[in-house]
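A.B. asks: Provided herewith is a single structure, encoded as structure tokens, for subsequent inquiry.
There are 4 protein chains.
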Amino acid sequence: MALGDSRLYHGLFGDAGTACHFTDAAEIAAMLAVEAALAAAQSDQGLIPAGAAAAIGRACERAAITPAALAEATARNGVPVPALVDALRAEMTAAGDGAASSYVHWGATSQDIIDSALMLRLVPVIALWQGRLERLTRGLGALARAHAELPMAARSYGQVATPTSFGATVAGWGAPILRHRARLDRLVPGLMVVSLGGASGTLAAMGPQGGAVRAALARRLGLGDPGQSWHNARDGLAEFAGWMAGLAGSLGKIAEDLILLAQSGIAEVRISGGGGSSTMPQKENPVSPAVLLAEARRIIALAGLMQGAAIHRQNRDGAAWFVEWQTLPELCVSLGAALERAADLCPRIAPDPGRMAAALAADGGLAHAEALVFALAARMPRPEAQARVAALCREAASGGGSLAALAARDFPHADWPETDWPGSGWPGSGWPETDWTTLLSGSAGLGDAAGQARRFADEADPAGATLDPAPDSAP
Amino acid sequence: MALGDSRLYHGLFGDAGTACHFTDAAEIAAMLAVEAALAAAQSDQGLIPAGAAAAIGRACERAAITPAALAEATARNGVPVPALVDALRAEMTAAGDGAASSYVHWGATSQDIIDSALMLRLVPVIALWQGRLERLTRGLGALARAHAELPMAARSYGQVATPTSFGATVAGWGAPILRHRARLDRLVPGLMVVSLGGASGTLAAMGPQGGAVRAALARRLGLGDPGQSWHNARDGLAEFAGWMAGLAGSLGKIAEDLILLAQSGIAEVRISGGGGSSTMPQKENPVSPAVLLAEARRIIALAGLMQGAAIHRQNRDGAAWFVEWQTLPELCVSLGAALERAADLCPRIAPDPGRMAAALAADGGLAHAEALVFALAARMPRPEAQARVAALCREAASGGGSLAALAARDFPHADWPETDWPGSGWPGSGWPETDWTTLLSGSAGLGDAAGQARRFADEADPAGATLDPAPDSAP
Amino acid sequence: MALGDSRLYHGLFGDAGTACHFTDAAEIAAMLAVEAALAAAQSDQGLIPAGAAAAIGRACERAAITPAALAEATARNGVPVPALVDALRAEMTAAGDGAASSYVHWGATSQDIIDSALMLRLVPVIALWQGRLERLTRGLGALARAHAELPMAARSYGQVATPTSFGATVAGWGAPILRHRARLDRLVPGLMVVSLGGASGTLAAMGPQGGAVRAALARRLGLGDPGQSWHNARDGLAEFAGWMAGLAGSLGKIAEDLILLAQSGIAEVRISGGGGSSTMPQKENPVSPAVLLAEARRIIALAGLMQGAAIHRQNRDGAAWFVEWQTLPELCVSLGAALERAADLCPRIAPDPGRMAAALAADGGLAHAEALVFALAARMPRPEAQARVAALCREAASGGGSLAALAARDFPHADWPETDWPGSGWPGSGWPETDWTTLLSGSAGLGDAAGQARRFADEADPAGATLDPAPDSAP
Amino acid sequence: MALGDSRLYHGLFGDAGTACHFTDAAEIAAMLAVEAALAAAQSDQGLIPAGAAAAIGRACERAAITPAALAEATARNGVPVPALVDALRAEMTAAGDGAASSYVHWGATSQDIIDSALMLRLVPVIALWQGRLERLTRGLGALARAHAELPMAARSYGQVATPTSFGATVAGWGAPILRHRARLDRLVPGLMVVSLGGASGTLAAMGPQGGAVRAALARRLGLGDPGQSWHNARDGLAEFAGWMAGLAGSLGKIAEDLILLAQSGIAEVRISGGGGSSTMPQKENPVSPAVLLAEARRIIALAGLMQGAAIHRQNRDGAAWFVEWQTLPELCVSLGAALERAADLCPRIAPDPGRMAAALAADGGLAHAEALVFALAARMPRPEAQARVAALCREAASGGGSLAALAARDFPHADWPETDWPGSGWPGSGWPETDWTTLLSGSAGLGDAAGQARRFADEADPAGATLDPAPDSAP
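Chains as they are written, first to last, in my numbering: chain A, 1 to 475; chain B, 1 to 475; chain C, 1 to 475; chain D, 1 to 475.
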């Protein structure tokens, strides 16, 4: 019933690259790898005979243990490890290594194996995501660079505010993604650690060598050594979930903006590859952003479940742990799918300079009202400037002409006396010479927008190696 | 990656009875059933030719449309219906019914088909759950009846409070379940309705007969007629999700109580069939309650996602709808699994009268302190009684003897003068004759506990048909 | 730190009408009312002397117990009741009723008083909300009636779909609100019940009269008698929270639609009283819908906390109960504020018929594409009609003229032969005589939209007593 | 209605130290500080006259702007800044600085002021929390050191597992807190940044000096310079919320363990200062851990709201921002209160060595079963050892004597032949000489528990400066 696994819906919600690490087979293989490495590490430390470790290692490699073989005992025990150990011993006994089979899972507990096997599988998952994060940020970098100077209306509360550029908008999408990448790099060392604590976290059954065994196990598995048990200290997983929720928020923001920019009547961005309707021939729905937004909401909710599961009672809390079991795979697949979808979207995003220009010019060019205020403020008190511009805005919005034309009418150069008004700064200082149309239309008033776009592009796509989208033609 | 679907974990988290209605195949079958019924309903109303409806009906019955055949178009369109309609038309054309195929999906939109097909599948899901709810309440009823008078300590904040009975405890678990059953009965008629609105909810392409078609479709599918479109009015599903969250809370409460009662050191309830450990031979873990609690937490979180998806923008909101698609099947499987597990637990719950009696007698029988206060309050101001009993409790708790013995020491019958203290009510009125041991130990002070247990049992298991657990032997 | 209580932000997030029932003073007054009614009920049943009940009643009426007086003990005990009872006894002793003070809180526990006092305060809260719900639905009803036939574009995935009417859109907002009202009416009797169980829910300290006392208490307080204790059965509150989450979803949907309709570039609805900017003179932000949406999201999250708190351990679970204490007042104030805001919005909503007409005519009138398909389907296979219309849509969207003009060009009446195509139903049957412009523009294709609007208006505002907004002028 | 603000409940849920930074007055003061620093920074860059900046600075210092004065305009505009700027200008005009008042809020937007003012207030909030975190970890360090070798039973699924020490248990609580401290240190630099973007994030109204002004503003306010606008990039706040949720999980875990350890019937920990009941004289409820757990759940839910608000639409999203406004103060107060409560709890926690020893010895000492398996495994296959110990456990649990006695009966030293079984490692190698009672009771089998406790103590309380709790006496 997980739509990502469904044959019908896989293309909408699935992520095979992530999901393949959360199958039964992948988990069993990882658990066997942990048991083998544990035996080898214990042999390193003289805790079990070298021959036993070798025999265990061979058995873990060749054992063909199916999920079905473990299912019934797993349902009873709540963990698959007792049945896995039994199956491994049976395999060894059949191969004449019965004596050595006593050393399987020596001094470990189920949670050591399951948590270590989880971490082993998160390694490739995170590597996969890092690649997608890089692809996404490079894609956004290329978009930002190509459209650094393409004027568009910024909107707050859904209302046209002042001009910005499409490149700056894209930079605003991408900057948080760069930060999430850096956050991931910072949290990975603390997350990707082996778990080895024995029944109650004290490694009692391994004697004084316990700590050395844990260190050796970590080395053999390519994971970190946490220096302690963490059966019931789930803060690393909670941090990971929090990171996913944060990334989801930033991806959801991109999705929302795309949905809004692609709306009929706005249409400043076209997303190629939209979906058709069963009854309306004209429809081209922005399916990808909608899926991305849905995944973002889902990820944030599931992350809350993971964070709640960090309230883990005593030395092992079945309920809290089961919540993690159910949630983490779904969370990872949703995040992987969202990342893949976001990265795929980048080259499909095409801004429409004409529509963007039209929005800036709409209602007489109200997007330039703030610029007019600051120009006037060089020659009159700003509250007065604000009030006069507000009046002109009402006139323009009711069809009285463009703000530029109205400004030219009311503030002709010759007629406006030099004053001793202390305002001298930018941008009004040159006002008497100002060409109102230049100041209040087209690509005027972009401020630092292009700079923001380019700085982001330089950081996100440093070599500029990504094939740039076609540059903007004039609107 | 949904553990309920996993071969390895199905026995812990799966629910085949519910999940079978959320497979691709079940959804395709239900969508075909809706298309067939729609054609028939439209033929009833003279909107399409009867022959076309018959041909569509035949095609829907025999068409073997696989999820794989629809997958690619579904990924592109965001909905499976355009591809389904194409496949159905191809099927009809191949069968020589090409002309009639024009009438497939006449005037409907994808959402009509998908939402109606969902409701069609919820009918058996809810019927299944109603059976489980009845099994659960009958199981709890039998437990409550059998142990109506078995004394145990009530606990607040984890501390022994006053006596109650195990039957009353079980009645406290079951009474909310009875109410949730009644709530389900109340919400089902509003939930189980057909969806038919056409592209934008106006049924424009069906002309004046639209409403009649919707009514006829409802009759043919055995669903209700909502009298209007509900593409973007998701309050019914939000109410359903809220119901699931409420039920989950009540199931989670049972799970928590069982985990606490089964703890080492408390052990007042034994749950047969517990799980073993990979390293500790003595362990018998209460796996079932832990799974039940995990499902309860999961259900509540997923229900929040569904409720949030009721913020459905405009006439169709892809993101909100996708959230529902992903969430509802998981929510239903978790709820179904939780119900099944709870019902299965009932006959496995065995109270231990000896342990319960020991808890009541522990620390000198402090559970009876309130009863002593009210007895004394017949002869002295209650604040004074409260203070004197508090002192005796400290003495008893530090090993000074049982509360009953201390009461007999301090309040011997002969020595205590008749007073004109206005207290005359129960239970202190007979105090001078009171046998403190009878009043302050054993099964004393149960109040209405047995009555509560029996009233619940009578309502939950009216015929008493459920095989009662073995009655309590004396502790 | 609750912004609803802040002097600065009260006007955005506050709701004095709801909040006044959740002050310390209101809680203390309600607890005193419960203690007084409990004593009276116990006197009714002969459990305590009539004189004592009278004295307690007098003391509860005149006692001026301040929150400050109870604060320190409340922090220590986790509940205010022990300190309240002490203060009440001190009051009575000072008034010479010391002996009677023994009967204060006779056989009750803190939770009985607190939960009953909560219910007592929810009565006026819910009455207040019912008034607001009625005002909201009447306001929506008047809007729906006035604009029942005002054509506008329905949108799915943010894309223009087919025509609908503004009245039908409003009916789509309002129908769920009517259902939420009915749901509230259904749940109130089960929610508004007295709590009386004594220390552990058995009413042990009240003897056999316990049930009769509870019934009498309920009568005296104007609440229902639940027939049992519900200290740890929080399903009623969870249901209430679920209802709030459901209503919030439907209110949030209205808010989202208003934000989208009010966007610059769409501007099909104007919401009077928008907010200004600190730097942009032209801005008129839709603050009210944004606040409404924020409250909706908040309510849904807080409702999840309440639902989670129904996992209430044993006979009293401090943590679960504290979660309720903190959450329910905030939840109620947010819901009350959201309801008030939504009701206030109705008369401030003004549709712009011209902008609506423009959206329908945009891109050559693609909103009418489905209607053209069904018209053509009377004379050709629907897949062919769908393909031909899709081609015309592309032509129209790229500036090739309106869909109506293109249809007239390609499907002139004279040239199109009568066929034996079985399509005979509506709306294509008259096609050879069809005036394409009439069929494919203006107010064509509204289907049942006006009917939906009027039926909703009749239900929501039956007497039509609400002053209707000005009727639409022609666009 | 926020209980933390309530006079009655402040002692349970309030945190004055945190809350004082979220009052109206604190916000207005911080906004004025930002306006003053902005003017100064702009004067530094030659953007506005130095005299104007000085006049603005003076006005911000002396202005007594009350929340009430801004309330009405705030309710209308959705933000307090327009009214604040007006009030500031009025103040300046009244003081004869009317001309300079034109330069107030030059080129900034409301969000610049509000977000920067928020960060300014988070600085002391986080400093306060860092102090509490240190107090908490030192308190836990002292507890862990004092009880490093105090044996107690570890519990998984609520069942006794194997021995550990109370110090190791405390180290398990504290290690995540140390990691959360380090995480906070890592996230603070990215979080504590100034916001300055102007109307749409481009700083257009400040001309080319915009970036320099932002840097100067950051220096003046003691915040970081983010190098870009972040009006709609809320990942920093989402990360902060995620951190709070993670810390809450770890605090909630401590609370849960304390509640469980303090239960009647377990009573291995006594928490001084428990709460009393209104009717049960013996009760001493663990109120503090219950409040701590409630706060943890609340924090996790509220953090989810903050993370969801990172889906921030376009350049300013009123709804998303309002969600942050409402949530962050509540979240911070709950986290601050939780930290304070946790730190206060440390010195109130007293383990009971006798009860801990009793739990280890209960049921014949089943906690030592794993140790017996590993001892036997030196002389027989481990599966056989496991099976034989399981049988002895059943015998012991049904009253057949202690596991040590049964082991001595079945595995007397003399009778057990030397074998060539390859098992030679710890702990069984010396088995024939083993004294079973020493191996299987008392403080045996603690493994690395004491080491874990001491290593944590050394890190958390390095100087050992914290007054240690009294050392354990022998049980």
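Heads up, the beta-carbon is just placed ideally off N, CA and C, and yes, glycines get one too.
#1: Going along chain E, which residues have a C-beta under 7 Å from ASN315/B?
#2: Are any of the Cβ atoms in chain B nearer than 9 Å to that of HIS105/A?
#3: Which ranges would you report for the alpha helix (DSSP H) in the segment 182-218 of chain A if only whole runs of at least 4 residues count?
#4: List the endpoints of the continuous alpha helix (DSSP H) containing SER116/A.
#5: Does GLY139/A have its Cβ less than 9 Å from a Cβ in chain D?
#6: Please list the partners that ILE300/C has in chain B, where partner means a Cβ-to-Cβ separation under 7 Å.
#7: Buried or exposed for ALA444/D, going by 16 or more other Cβ atoms inside 10 Å?
#8: Helix, strand or coil for MET380/B, going by three-state DSSP, please let me know.
#9: Measure the alpha-carbon distance for GLU340/B versus ASP15/C and round it to whole angstroms.
#10: Go ahead and label SER398/B buried or exposed: buried means 16 or more other beta carbons lie within 10 angstroms of its beta carbon, across all protein chains shown.
#11: Below 7 Å between beta carbons is the criterion; list the residues of the segment 164-175 of chain C that meet it against any residue of chain B, in chain order.
#12: Residue range of the beta strand (DSSP E) that VAL269/D falls in?
#13: Using DSSP with H/G/I as helix, E/B as strand and the rest coil, what is ILE299/D?
#14: Going by the CB atoms, is the gap between ILE259/A and ALA294/A shorter than 9 Å?
#15: Taking DSSP as the reference, what is the three-state secondary structure of ASN77/A?
#16: Is there contact between the segment 402-409 of chain D and the segment 293-311 of chain B, where contact requires at least three CB pairs shorter than 8 Å?
#17: Taking 8 Å as the limit between beta carbons, can you name the residues of its chain near PRO124/A, skipping five residues before and five after?
#18: Answer yes or no: does any C-beta atom of chain C fall closer than 9 Å to that of SER264/A?
#19: Whole angstroms are fine: how far does the CA of ARG220/C sit from the CA of ARG313/D?
#20: Could you compute how far the alpha carbon of ALA362/D sits from the alpha carbon of GLY265/B?
#21: Closest to PRO412/B by CA distance: which of ALA390/B, ALA396/B, SER229/B and THR437/B is it?
#22: Whole angstroms is fine: what's the gap from ARG181/B's alpha carbon to ARG454/B's?
#23: Any Cβ of chain A within less than 9 Å of the Cβ of VAL504/C?
#24: What are the residues that DSSP puts in a beta bridge with SER156/B?
#25: When burial is assigned at 16 or more other CB atoms within 10 Å of the CB, is PRO189/B buried or exposed?
#26: State buried or exposed for GLU324/B, treating a residue as buried only when at least 16 other CB atoms are found within 10 Å of its CB.
#27: Bridge partners for GLY275/B per DSSP, in chain order?
#28: Taking 9 Å as the threshold (C-beta atoms), are VAL160/D and LEU366/D in contact?
#29: Give the DSSP-derived three-state secondary structure of ALA385/D in the structure shown.
#30: According to DSSP, is ILE349/B helix, strand or coil?
#31: Is the beta carbon of VAL34/C closer than 9 Å to that of LEU122/C?
#32: Taking the alpha helix (DSSP H) that VAL34/C belongs to, which residues open and close that run?
C.D. replies: Judging by the given coordinates:
#1: No chain E is part of this structure, whose protein chains are labelled A, B, C and D.
#2: yes
#3: none
#4: 110-146
#5: no
#6: GLY304, GLN307 and GLY308
#7: buried
#8: coil
#9: 44 Å
#10: exposed
#11: THR164, ALA168, GLY172 and ALA175
#12: 269-271
#13: helix
#14: no
#15: helix
#16: no
#17: HIS21
#18: yes
#19: 52 Å
#20: 8 Å
#21: THR437/B
#22: 19 Å
#23: No statement about residue 504/C is possible, as the shown extent of chain C runs from 1 to 475 and does not include it.
#24: GLN159/B and ARG316/C
#25: exposed
#26: buried
#27: ASN285/B
#28: yes
#29: helix
#30: strand
#31: no
#32: 24-44
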